[in-house]
Amino acid sequence: MRRGDVSSTMEGIATAVLEKYLRKTLGGQDSSFSAPFAASQLAAAFLPALRRFFEVEEETKEAEKEKAKEAHEAVEKKYY
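The sequence shown runs 1 to 80 under this note's numbering.
Here's what the structure looks like:
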């Protein structure tokens, strides 16, 4: 792919795609190429992951509390 016609064809395609992307991004006419749109897309992608992260964190805290309670009860049972 680094030689001959295939290379020049691939390079031409890559150049055309990059030029079109830059034209749309820098032109500011297409809202789907704007920073606010990109930010909203990132937020939409990360929000479910963050929610799940906090859910797992809460589940972990609850599990740790339960283990501590069980350990405390075992000590009380053994010594009292």
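The beta carbon of each residue, even a glycine, is placed where N, CA and C say it ideally should be.
Quick one: Cα of Val6 to Cα of Ala14, how far? Start at 1 with the first residue of the sequence shown, and residue 6 comes out as number 6. Start at 1 with the first residue of the sequence shown, and residue 14 comes out as number 14. For Val6 and Ala14, the gap between their C-alpha atoms comes out near 12 Å.
So, with DSSP's three-state summary, where would you put Tyr21? The residue you call residue 21 lines up with position 21 of the sequence shown. Helix.
With a threshold of 6 Å on Cβ separation, who are the neighbours of Glu59 within its own chain once the five nearest residues in sequence on each side are excluded? Taking the sequence shown and counting its residues from 1, the one referred to as residue 59 is at position 59. Nothing meets the Cβ criterion.
Looking at the unbroken alpha helix (DSSP H) that takes in Ser40, where does it start and where does it end? Along the sequence shown, read from residue 1 onward, the residue named residue 40 stands at position 40. Under the DSSP assignment, Ser40 falls in the alpha helix (DSSP H) whose first and last residues are 35 to 79.
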